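In what follows, a single structure is set out as structure tokens and then discussed.
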Amino acid sequence: SLANMRTVNCKDVQTEPILLPVNGMQLPRGTITGDQARLDVSARGVWNALERAFFDVRVFHAPAPTNATKPIPAMYLAHENEKKRAYNSRVIEVEKGTFTPLVFSTSGGMGVEAQRLIKRLAQKMEGPTGQRYSIQCHTSESACALKCSKPL
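Right under this line is the structure:
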């Protein structure tokens, strides 16, 4: 689970962290500005050593009527962009961190941003253990497999 990022050398891992107040700051239209706004997970050391990274998860059902006319890669992108419109500016401007939307489908696939996070966590796992991890991502299926191999 994302809340277990401590196991890959991430610090200050929090689930459902409350975001700092906007205090009248002008943010782009569509940005969530409520005082009790939360994201799913935050952690330091994911992308950079001291930077706080925020993550929000969305799971969608591809056969749903709202997705019926879109190709599957476009579904992931649309959901990622919707999350970015809602939170990216606030996280960058107010929290001074990074925001990564994590989009998954009920059929087991994942969006590009989620694939990027999985790759990064695998890289971080290699460091302290010496264990090598190979990542295979198939963008046509939006699925990633993480495989362990013996250290070289």
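Going by the numbering used here, the sequence shown wraps up at 427, each residue one higher than the last.
Think of the CB as a built atom: it goes at the ideal place given N, C-alpha and C, for glycine as much as any other residue.
Note that the coordinates shown come from a computational prediction; the quantities given were computed from them, not determined experimentally.
Rounded separation between residue i and residue j - CA only
| i | j | result |
| --- | --- | --- |
| His354 | Glu401 | 30 Å |
| Pro292 | Phe330 | 10 Å |
| Ala324 | Phe379 | 27 Å |
| Ile347 | Thr290 | 29 Å |
| Ala349 | Thr375 | 17 Å |
Same chain, Cβ closer than 7 Å to residue i, neighbours up to 5 away in sequence not counted
| i | result |
| --- | --- |
| Leu295 | Val369, Glu370 |
| Ile307 | Ala361, Tyr362, Arg365 |
DSSP-derived helix/strand/coil call for residue i
| i | result |
| --- | --- |
| Lys286 | strand |
| Thr375 | strand |
| Ile293 | strand |
| Met385 | strand |
Cut-off 6 Å between Cβ atoms - residues of its own chain near residue i, not counting five sequence neighbours on either side
| i | result |
| --- | --- |
| Val321 | Cys285, Ala328 |
| Asp310 | Pro296 |
Own chain partners of residue i with C-beta closer than 8 Å, once the 5 adjacent residues on each side are dropped
| i | result |
| --- | --- |
| Thr381 | Val334, Phe335, His336, Ala337 |
Continuous alpha helix (DSSP H) stretch holding residue i: start and end
| i | result |
| --- | --- |
| Ala343 | Run containing Ala343: none; DSSP gives neither H nor E here. |
Opening and closing residue of the beta strand (DSSP E) in which residue i lies
| i | result |
| --- | --- |
| Ser317 | 316-319 |
| Val366 | Premise fails: Val366 is in no beta strand (DSSP E) and is neither H nor E. |
| Arg333 | 327-335 |
query = Any contact of the region 384-396 with the region 310-317, i.e. 3+ C-beta pairs under 8 Å?
reply = no
task = Flag this pair as touching only if the region 338-349 and the region 290-305 have three or more C-beta atom pairs under 8 Å; answer yes or no.
result = no
query = Given 8 Å as the limit, is there contact between the region 390-401 and the region 355-369, that is, 3 or more CB pairs closer than that?
reply = no
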